[in-house]
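Asker:
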Amino acid sequence: MILALALAELTGRAQEQNFCLVCHSEIKVDYLESIHAAFNVTCVACHGGDPTTLDSRAAHALEAFFRGTPQRAEIPELCASCHSDPMRMKPYGLRTDQYAEYQTSRHGKLLAQGDTRVAVCTDCHTAHRILPAWEPRSTVHFENIPSTCARCHAQRDQGVHSAALAKGNTKAPTCATCHGAHGAAPPGVENVSKVCGMCHLAERTHFESSPHKKSMDAQNIGECASCHGSHTIEPTDRKLFDTVCTNCHGADSRAHLVGQKIKTLLLAADESLREATHLLEQAQQRAVDVSAYRSRLIEARSYFLQALPVQHSLDIPHIEELTRRAKSIADDVRGGLHGFQGVMAIRLLGLTLVWVFLLLLMIVIYLALRERRGEHL
Amino acid sequence: MSAFARVRELLSAELRQIAPPSVGFWQILGGLTLFLLFLEITTGILLMVYYRPSADEAYESVFYIINDVQLGWLIHGMHRWGAQLFILLVLVHLIRVYFAEAYRERELNWVIGVVLLLVVGAFAFTGTLLVWDQRAFWGTDAVRRVLAEIPIVGRAILYFLWGGTELDANALLRFYVFHVGLLPWIAIGLVMVHLYLVSRQGIFHKAEAQEQQSAQTYGDIVLRGLIFVVLSFGIVLTLAVIFPVELSGRADPLTYQSVKPPWYFLPAYGLLKLVPKAAGVALASLGVLGLFAAPWLGRNSWVAWGLGMLGIATVALLAAYGWRW
Amino acid sequence: MTEKHERRTFLSKLLGGALAVGVVGVIGAVMAYLFPPERRVFNPARRRMRVARADEIPLGKGKQVLFDGEPVWVLHLKGGWSAFSAICTHQGCIVHWDEKRLILSCPCHGGLFDTNGNVLSGLPRRPLKRFRVSVVRDEIFIGPGEG
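From first to last, the protein sequence lines stand for chains A, B and C.
Here the first sequence is numbered in my numbering, starting from 953 and rising by one per residue.
Here the second sequence is numbered in my numbering, starting from 6 and rising by one per residue.
Here the third sequence is numbered in my numbering, starting from 78 and rising by one per residue.
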């Protein structure tokens, strides 16, 4: 059956004789925009039938290998009939492992068990308006993937990844980045709970040296998701130390204390940096020469930024070393910049003295004036 | 008698002369403006000692003045704040003269005064660019873009003022020459004529006031003026200390920044936003011409007041529009 | 009568004296301003800075300097000299120069930049800021602006 369809296509019964669209005009717009239309993959390729006649019965005749709307369970196999064939896909340079990957995914496995409520090819790629992923209007374009998945899954995340995506950051992850496009997980990762480390390398390295790794793996707790969440990832906030540690540890356990200590270290350094930056910007506005301070602040911030992934190692001496450096440099900068404010105080003092003189001068002039006036009257 | 004593005698005699009665505070305004001009010229010359008018060095030299030169920050601050006060006083002086109808039978002096107003505007415009920071650069560039839109005349003005169609090192040097070399002479010359006419034609006063007995000499006026001179010096000094000059980053022709003009150019800015390009400039020019023609337009007292209020209201509304939108 | 006269002279002397003090003060300030400060020339280091002698940095190696408060990598490469800001365009950490792989790498999130400052991989999106390099006789100078 499939071979017949393929032959029919190959013998060139293409767009010129595609009368299907005359009656099925509601499909016409969608289909003609698709990449299938651009490459002359016509209606018969999936639906069979006779496109050369306007007679409804003839067009939909069984003899013409018409198969109507494919059953949901049959769709992956139907698409794979071309898209898993290396010979067919070679001219277009397309991969051919999507079907195989799909079969390893949860969607694929449930479908094999007979559950048709899972996603099949047309649910994500649409049935007729199939566009390549680089096309911004495609349902599988990176910006559109969250809304495509959301048609079934209610996981619209509002966290940092979603915000980055909304800003057009092409490096931000979409659903497919972590879950894989067709397979269950992206290549290079054992399972999806370990996928964060693909981008967050430093965090992963430090986490793996921490006591958390072994115990979490033993108890099959998600390494990153257990504290940061899996889909709605909030911007990192030191408050996390207060809320999340007690999910596993007791409120007055030693572990909780460790968390609090790390939080204190980071908070102190952050405060210092923030204030120093504020003072720097103020001074810069006043055209004060702050280049020396600027470089030190860059250095301080660098130490602080390095401390952020290191905190996952729970290695307090290491974290403290970095935060202490950051804080002391920032404090230094603050002190120096405050010195400029001292200069302001001196200037105000000078101004006051000058004003005293000016006021006296004005009084003297006034008295002289009155004296002169008194003379004429 | 020694020469020194003779000069003293002459001066005292002059100052003992009886002055016309109606010389009150408002009349001193003009003199105060003169003092500020003198202050600007002095601080300006001091700044010239360290300022370098090349695009490569201008910003750095200003930075140097503010950070390294002793009291450089003060001289620079006084120059900038003095300019603000100067413009304000010139405007107040103009409004006072207009509403007191002191231009009657003194039309030439009025015209010279309006020319002086334009000269002050030119001072402000050319001077702002000299720091060569982002705000100055892009503010001036905005004007360049407006001028570039005007057919024929615009290009001519651009070539004359900017030395070309681009805002570059040539334009900076040209602006510098205008600001320190050309405009001060024009200003001083015009002010001298302005003052001479005032002394020749006398202070204007309404008919009723003429009968009043005068009780003051010129010396009294000088002393009274001196009080206000000292006061305004103090004000400029205070502003310079409490509100140090702010510099945005070094001018970068590659990084556009949308800039709002300083307050005295806001009405023009608002007008050009409402009526863009050549039409707007034409309207603005009409406004200036109207200002020149004020003594003739305002022959009737009521008409004069009406036009004046209308003028001020229009300018204020345009400025508000320019500021908010 | 003389009392008044005395008061009058006293006041005018006082006035003269006060004005004189004022004038002297102003002249003093002007003099302080006119005497050039210790750093006689305005700091040209903001516009152009000497990095090193050309033979002090061998081929393939780099030197990190501070230019106007910003850390800058000056690299000696086969095609000539380059200078890039050492501040990673992702979150602002200081990048390292990897002599073996001839790339600039950021220790914070693994961002990599090539010898043109362009992003090779990782989270940064914008290339490193470039600085102008000039070789005068055998000394290397850097300044702001494009190479």
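Heads up, the beta-carbon is just placed ideally off N, CA and C, and yes, glycines get one too.
Fair warning: this is a prediction, and the values are worked out from it, not measured in the lab.
Quick one: any contact between the stretch 66-85 of chain B and the stretch 239-246 of chain B, if contact means 3 or more CB pairs under 8 Å?
Answerer: Output reads yes: the stretch 239-246 of chain B touches the stretch 66-85 of chain B.
Asker: Name, please, each residue of chain A whose Cβ falls closer than 9 Å to the Cβ of B/Ile-71.
Answerer: What you label residue 71 of chain B is simply residue 66 of the second sequence in a count that begins at 1. By Cβ distance, chain A contributes Arg-1238, Ala-1239, Val-1240 and Asp-1241.
Asker: Could you name the residues of chain B that A/Arg-1246 contacts, counting a contact when the two beta carbons are closer than 9 Å?
Answerer: For the purposes of this step, residue 1246 of chain A is taken as residue 294 along the first sequence, with counting starting at 1. In chain order: nothing, as chain B lies at least about 12 Å away.
Asker: Beta-carbon within less than 7 Å of A/His-1080's beta-carbon, same chain only, minus the 5 sequence neighbours each way: which residues are those?
Answerer: Taking the first residue of the first sequence as position 1, residue 1080 of chain A is located at position 128. Only Ile-979, Asp-982, Tyr-983 and Ser-986 meet the Cβ criterion.
Asker: Would you say C/Ala-160 faces chain B, with C-beta separation under 8 Å as the test?
Answerer: What you label residue 160 of chain C is simply residue 83 of the third sequence in a count that begins at 1. Chain B, which has no Cβ nearer than 8 Å to the Cβ of C/Ala-160, makes this no.
Asker: Name the DSSP bridge partner or partners of A/Gly-1302?
Answerer: In the first sequence, residue 1302 of chain A corresponds to position 350, counting from 1. A/Gly-1302 is not bridged to any residue.
Asker: Looking at chain B, is there any beta carbon in it that lies within less than 8 Å of the beta carbon of C/Pro-204?
Answerer: The residue given as residue 204 of chain C occupies position 127 in the third sequence. Answer no: the Cβ-Cβ gap between C/Pro-204 and chain B never drops below 8 Å.
Asker: Out of curiosity, what's the CA-to-CA distance linking A/Phe-1018 and A/Asp-1002?
Answerer: Position 66 of the first sequence, counted from the first residue, corresponds to residue 1018 of chain A. Position 50 of the first sequence, counted from the first residue, corresponds to residue 1002 of chain A. Answer to the nearest angstrom: the Cα atoms are 7 Å apart.
Asker: Smallest Cα separation from A/Glu-1175: which of A/Thr-1198, A/Val-1147, A/Arg-1325 and A/His-1183?
Answerer: For the purposes of this step, residue 1175 of chain A is taken as the residue at position 223 of the first sequence. Closest option to A/Glu-1175, Cα to Cα, is A/Val-1147.
Asker: Give every residue of the same chain whose Cβ lies closer than 6 Å to the Cβ of A/Asn-970, excluding the five residues on either side of it in the sequence, and list them in chain order.
Answerer: As a first step, residue 970 of chain A is located in the first sequence; it is residue number 18 there, counting from the start. Here the set comprises Thr-994 and Pro-1003.
Asker: Indicate whether at least one CB of chain B lies closer than 8 Å to the CB of C/Phe-218.
Answerer: Along the third sequence, one-based indexing puts residue 218 of chain C at 141. No - not a single Cβ of chain B is within 8 Å of the one on C/Phe-218.
Asker: Report the start-end ranges of each alpha helix (DSSP H) in the stretch 71-125 of chain B that is 4 residues or longer and not cut off at the edges.
Answerer: Runs of the alpha helix (DSSP H) inside the stretch 71-125 of chain B: 77-104.
Asker: Could you give the residue range of the alpha helix (DSSP H) that holds C/Val-210?
Answerer: Position 133 of the third sequence, counted from the start, is the residue given in the question as residue 210 of chain C. Unbroken run through C/Val-210 is the beta strand (DSSP E), 207-213; no alpha helix (DSSP H).
Asker: Counting beta carbon pairs with one atom in the stretch 269-285 of chain B and one in the stretch 99-112 of chain B, are three or more of them shorter than 8 Å?
Answerer: Taking 8 Å as the limit for Cβ pairs, the verdict is that the stretch 269-285 of chain B does not touch the stretch 99-112 of chain B.
Asker: Buried or exposed: where does B/Glu-110 fall if 16 or more other Cβ atoms within 10 Å of its Cβ makes it buried?
Answerer: As a position in the second sequence, residue 110 of chain B is number 105, starting the count at 1. It counts as exposed.
Asker: Determine the extent of the alpha helix (DSSP H) in which A/Gln-1258 is found, giving its start and end residues.
Answerer: One-based indexing of the first sequence puts residue 1258 of chain A at position 306. Start and end: 1243-1262.
Asker: Using 8 Å as the limit for Cβ to Cβ distance, is B/Pro-267 near chain A?
Answerer: Along the second sequence, read from residue 1 onward, the residue named residue 267 of chain B stands at position 262. Closer than 8 Å: no.
Asker: Give me the Cβ distance between B/Val-241 and B/Gly-87, rounded to the nearest whole Å; I'm assuming they're in contact under 8 Å.
Answerer: For this step, residue 241 of chain B is matched to residue 236 along the second sequence. For this step, residue 87 of chain B is matched to residue 82 along the second sequence. Correct: roughly 5 Å between the Cβ atoms.
Asker: Leaving out the 5 sequence neighbours to the left and right, which residues in its chain are closer than 8 Å to B/Leu-177 when beta-carbon positions are compared?
Answerer: As a working note, residue 177 of chain B is residue 172 in the second sequence. Taken in chain order, the residues that qualify are Pro-58, Ser-59, Ala-60, Ala-63, Leu-134, Leu-135 and Trp-137.
Asker: The alpha helix (DSSP H) with C/Glu-216 in it runs from where to where?
Answerer: Translated into positions along the third sequence, residue 216 of chain C becomes position 139. C/Glu-216 -> not in any alpha helix (DSSP H); beta strand (DSSP E) instead, spanning 216-220.
Asker: Taking the alpha carbon of C/Asn-193 as the point to measure from, which residue in C/Val-210, C/Pro-148 and C/Ser-159 has its own alpha carbon closest?
Answerer: Within the third sequence, residue 193 of chain C is the residue found at index 116, counting from 1. Considering only alpha carbons, the answer is C/Ser-159.
Asker: I want to see whether chain A comes within less than 8 Å of B/Asp-225, judged by CB atoms only; does it?
Answerer: In the second sequence, the residue the question calls residue 225 of chain B occupies position 220. True, the Cβ-Cβ gap to chain A drops below 8 Å.
Asker: Does the count of Cβ pairs from the stretch 1068-1079 of chain A and the stretch 1020-1030 of chain A closer than 8 Å reach three?
Answerer: Yes, they touch.
Asker: Alpha carbon to alpha carbon, what distance is there between A/Leu-1232 and B/Pro-267?
Answerer: The sequence position of residue 267 of chain B within the second sequence is 262, counting from 1. The sequence position of residue 1232 of chain A within the first sequence is 280, counting from 1. Approximately 26 Å between the Cα atoms of the pair.
Asker: Give me the DSSP bridge partner(s) of B/Asp-257.
Answerer: Sequence index remark: in the second sequence, residue 257 of chain B carries index 252 (1-based). Answer is none; B/Asp-257 lacks a bridge partner.
Asker: First and last residue of the beta strand (DSSP E) that includes C/Asp-175?
Answerer: Along the third sequence, read from residue 1 onward, the residue named residue 175 of chain C stands at position 98. It spans 173-175 - the beta strand (DSSP E) in which C/Asp-175 sits, taken as one unbroken run.
Asker: Answer yes or no: does any C-beta atom of chain C fall closer than 8 Å to that of A/Cys-972?
Answerer: Translated into positions along the first sequence, residue 972 of chain A becomes position 20. No, A/Cys-972 does not count as interfacial toward chain C.
Asker: CA-CA distance, A/Ala-966 and A/Thr-1129?
Answerer: The count along the first sequence starts at 1 and reaches residue 966 of chain A at position 14. The count along the first sequence starts at 1 and reaches residue 1129 of chain A at position 177. Caution is warranted here: a pLDDT of 45 is assigned to A/Ala-966, below 50, making its placement in the model unreliable, and no coordinate value can be reported.
Asker: Anyone know if the C-beta pair for A/Ala-1221 and A/Leu-1289 falls short of 8 Å?
Answerer: For the purposes of this step, residue 1221 of chain A is taken as the residue at position 269 of the first sequence. For the purposes of this step, residue 1289 of chain A is taken as the residue at position 337 of the first sequence. Taking 8 Å as the Cβ cut-off, A/Ala-1221 and A/Leu-1289 do not qualify as a contacting pair.
Asker: Could you tell me whether any Cβ in chain B is nearer than 8 Å to the Cβ of C/Phe-208?
Answerer: By one-based count along the third sequence, residue 208 of chain C stands at place 131. Cβ-Cβ to chain B under 8 Å: no for C/Phe-208.
Asker: Short of 9 Å Cβ to Cβ, which residues in the stretch 1120-1134 of chain A face chain C?
Answerer: Of all residues in the stretch 1120-1134 of chain A, Asn-1121, Thr-1122 and Lys-1123 have a Cβ within less than 9 Å of some Cβ in chain C.
Asker: For the beta strand (DSSP E) that C/Phe-144 lies in, which residues bound it at each end?
Answerer: By 1-based counting over the third sequence, the position of residue 144 of chain C is 67. Start and end: 139-144.
Asker: Report the start-end ranges of each alpha helix (DSSP H) in the stretch 998-1079 of chain A that is 4 residues or longer and not cut off at the edges.
Answerer: You should have 1008-1011, 1027-1035, 1038-1041, 1050-1056, 1058-1064 and 1073-1077.
Asker: So C/Asp-145 contacts chain A; which residues on that side make the cut at Cβ distance below 9 Å?
Answerer: In the third sequence, the residue the question calls residue 145 of chain C occupies position 68. Ordered by position in chain A, the residues that pass the 9 Å Cβ test against C/Asp-145 are Ser-1243, Arg-1246 and Ser-1247.
Asker: Spatial neighbours of C/His-82 within its chain, please: C-beta separation below 8 Å, excluding the five flanking residues on both sides.
Answerer: On the third sequence, residue 82 of chain C is found 5 positions in, with the first residue counted as 1. The answer is none, since no qualifying residue turns up.
Asker: Using a Cβ cut-off of 9 Å, pull out every chain B residue sitting near C/Arg-124, in sequence order please.
Answerer: In the third sequence, the residue the question calls residue 124 of chain C occupies position 47. Result: Asp-61, Glu-62 and Glu-65.
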